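Numbering (my numbering), first residue to last: 1 to 64.
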């Protein structure tokens with residue numbers, strides 16, 4: 001049960017971080033948007049999943 005609660009807390013934290021990042025992307029400066037995209041590309045490289053990184057960046061760009 002304790003592990004379940006920890007995982008739930010981690011998911012909540014990740015979900016909150018995603019929402020905040022999305023809000024910054026939508027309302028932030030071009031420099032802030034570029035920093036978010038750079039971070040996504042870096043994660044894609046680290047996870048060896050550039051296709052997923054590209055899909056996320058394209059989705060973000062469509063929001064604008």
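In this text, a Cβ means the ideal position worked out from N, Cα and C, and glycines have one as well. Keep in mind the model is a prediction, meaning the values are calculated, not measured.
Following a CB-centred definition, is residue i positioned closer than 6 Å to any heavy atom of the ligand SAM?
i	result
residue 37	This structure simply doesn't include the ligand SAM, nor any ligand for that matter.
Along the chain, where does the alpha helix (DSSP H) containing residue i start, and where does it finish?
i	result
residue 58	50–63
Determine the DSSP secondary structure at residue i, reduced to helix, strand or coil.
i	result
residue 28	coil
residue 47	coil
Distance check for residue j and residue i, CA to CA, integer angstroms please.
i	j	result
residue 24	residue 30	10 Å
residue 32	residue 22	11 Å
residue 18	residue 1	26 Å
Going by C-alpha distance, which of the options is nearest residue i?
i	options	result
residue 57	37, 26 and 6	37
residue 35	60, 13, 7 and 48	60
Assuming residue i contacts residue j (C-beta within less than 8 Å), just tell me the rounded distance between them.
i	j	result
residue 51	residue 41	So it is not a contact: roughly 12 Å between Cβ atoms.
residue 63	residue 9	Wrong, their Cβ atoms sit about 28 Å apart, outside the cutoff.
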